[in-house]
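Sequence positions in the sequence shown follow the working numbering and run -11 to 259.
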Amino acid sequence: MRVEPASTLDPSLVRELFNEGFSDYLVPLQLDEAAFRGHVAGNDIDLDSSRVAIEDRPAAVALIARRAAAGWVGGMGTAPAYRRRGLGECALVAGLEAARRGGCREMWLEVIDENRAAIALYEKLGFDLVREVVVWSMPARRDGVPPSQPIDPEAAQAWIAAHRESREPWQRTDESIARMRARGAALRGLTVSRDGEVAGAVVFRDDADPVVTLQIAAVDVSAAGDALLAAAGTNRGLRLSNAPVGETPGRALARLGARPVVRQREMRLAL
């Protein structure tokens, strides 16, 4: 067995290996070529730091993203026929070391609560639990849409930055949204008001169903609910990924009858 940078392989082979590793995951994930390119570009996946473990063929992959001194595990998996040989751990450890040599001083990841084997591995490597996060799915509603004001997404982001309760998860950071904008994604922003003052703002994509919430902040649960309902509009579902447990957006979605699709642990390792 040997471990090589993912950049030494054709990107299509890395994508196929990624899809193999996630083919029977707790939440199966399969990315087509465009989606994989978007994942790599939008989340700053560094294929030079990412690692692939190879036996007779590429068998395990650990995708490593980097932004200055921060890193993120953008997915690790092993082809089913090669599991329980430590290949995934070897790829991940090598990727972490490559990121450290490149200047990363912390590494982040999310892992599904039920994935006990992965949690045990991450804890073994020194990752600590930071917070619990939830992927929410709100079904389409047919009742009235709260009044809102369209606003430039950058202006909405500025209000959110001044009112957010905690740091955004990696895939919804300002950097990730900037990457989306640079790649031509159609982003929208809106605000809801109370007594003439902005009470909530949201940045979202509505080019698919469900509407994808990228960032949201509000002064209270009621304002957050209004912002989310306004973003969804009528007859459209809405999704918010990795909302921190106990914070206003998640509480608003629970009140609106949204379903917690996946519960995850956000973990951090000091490098």
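Every residue gets a Cβ at the ideal spot worked out from N, C-alpha and C, and that includes glycine.
As computed with DSSP, Asp116 is found in a beta bridge with Arg256. Comparing alpha carbon positions, the residue from Ile139, Tyr70, Met64 closest to Gly83 is Met64. In the three-state scheme derived from DSSP, where H, G and I count as helix and E and B as strand, Ser181 is classed as strand. Across the structure, Val121 and Val207 are spaced so that their CA atoms are roughly 20 Å apart.
The C-beta separation of Pro198 from Gly177 comes to about 18 Å, leaving the pair out of contact by the 8 Å criterion. In the DSSP assignment, the residues bridged to Val(-9) are Ala41. The three-state secondary structure of Ser229, taken from DSSP, is strand. The alpha-carbon separation between Ala57 and Gln159 amounts to approximately 16 Å. About 6 Å separates the beta carbons of Val209 and Thr236, which is inside the 8 Å limit, making them a contact pair. Nearest neighbour of Leu217 by Cα position, chosen from Val133, Val186, Arg253, Asp162, turns out to be Val133.
Ala166 counts as exposed, since fewer than 16 other beta carbons sit within 10 angstroms of its beta carbon. In this chain, the beta strand (DSSP E) harbouring Gln203 covers 199 to 206. If you draw a 10 Å sphere on the C-beta of Met(-11), you find fewer than 16 other C-beta atoms in it, and that means exposed. A distance below 8 Å separates the beta carbons of Ala87 and Gly59. Secondary structure at Leu80: helix, using DSSP grouped into helix, strand and coil.
With a threshold of 16 other beta carbon atoms within 10 Å, Arg39 meets it and is buried.
DSSP lists Arg227, Arg247 as the bridge partner or partners of Ser125.
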